[in-house]
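Structure record follows, encoded as structure tokens.
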Amino acid sequence: MKKYLPVLILLLLFSSPILFAQPRPVLTIKVANNIDPVYRKMVADAVKLINEIIHDPEFERGFVGHHFDWERLGGNVRNGLTAQGAFDTLYRWTDTARINLVIKPRGLRPGVYLSGTMGSTGPGQNLTTTYRNWLLLDPPCYNCTMITYASHIAHEFCHQRNFFDKDVRNQSDFRDVVPYAVGDLMCAFIQRKYPADNCNCQTKPVRCN
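Heads up: the sequence shown runs through residues -21 to -1, 1 to 188, numbered per mature numbering (1 follows the signal peptide of the UniProt record, and there is no 0).
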């Protein structure tokens, strides 16, 4: 029995799911020091939530079962990609990922900031610009605004991994490209799994990416 013991140990080691589990990234965000502490906390909470979700098997199942529009791809992303391939491209490529975040004001009239572009990321780049108007806590609930921001960050991270938006005039025609679809999936998953307690904005829809 003793002579077989080393072989048994090796078999156990090589069959260990812990040793050979595919890595998932830990998303980190670097923000400028002059950003308001409320926004800094919101960003940190949103990223913490994203990191929990991308490791959740239920989120992966929902992602892989989603129908994506592959019309707008770019960089190292090619046609013929499956939903599982998109998930792996986003969340199984490295141990860490970083978005360098810049928050800028935008000259929109009061009450108008819940429309239009939330921010931007150059394809393949890790610099994201977010317009401060989106962090003005409307709906008037920290958790709901943070959910919106988590969805936005998930969308922008898709651009960092070379998934493009779809440039169309029909606004209903671009939601299934990877960045928007991932933002919507993230938003819906958060609201279902982490409902906001004592939230006073349940009658208003949360804006997702």
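Beta carbons are placed, not taken as given, at the ideal position from N, Cα and C, and that holds for glycine.
Per DSSP, cross-strand counterpart(s) of residue i
i, result
"Asp48", "Val156"
"Ala76", "Leu6"
"Val106", "One detail in the question is off: residue 106 reads as Leu in this sequence, not Val. Answer by DSSP bridge pairing, in chain order: Asn79."
"Ser99", "Thr108"
"Phe66", "Phe66 is not bridged to any residue."
"Phe143", "DSSP lists no partner for Phe143."
Whole-angstrom C-beta distance between residue j and residue i, which should lie under 8 Å
i, j, result
"Ile8", "Val22", "6 Å"
"Leu80", "Thr107", "5 Å"
"Ile29", "Ile78", "Wrong, their Cβ atoms sit about 10 Å apart, outside the cutoff."
"Met125", "Asp24", "5 Å"
Own chain, CB closer than 7 Å to residue i, minus 5 neighbours either side, in chain order
i, result
"Glu39", "Phe66"
"Leu164", "Gly41, Phe42 and His45"
"Ser(-6)", "Because Ser(-6) carries a pLDDT of 40, less than 50, the predicted location of this residue cannot be relied on, and the following value inherits that uncertainty. Cβ neighbours of Ser(-6) beyond the five flanking positions: none."
"Glu135", "Ile78, Gly98, Thr100 and Thr107"
"Arg140", "Thr68 and Leu69"
Separation of residue j from residue i, as counted between CA atoms
i, j, result
"Thr127", "Val157", "17 Å"
"Thr109", "Gly162", "15 Å"
"Ile82", "Lys145", "24 Å"
"Val5", "Gln170", "22 Å"
"Cys120", "Phe142", "31 Å"
"His138", "Gln104", "8 Å"
"Val26", "Asp35", "14 Å"
"Leu60", "Pro102", "18 Å"
Contact set for residue i: own chain, Cβ-Cβ below 6 Å, skip 5 residues either direction
i, result
"Cys187", "Ser130, Gly162, Asp163 and Cys166"
"Asp15", "none"
Neighbourhood of residue i by C-beta distance below 8 Å, restricted to the same chain and skipping five residues each side
i, result
"Phe47", "Ala62, Ala65, Asp155, Val156, Val157 and Ala160"
"Glu37", "Phe168 and Lys172"
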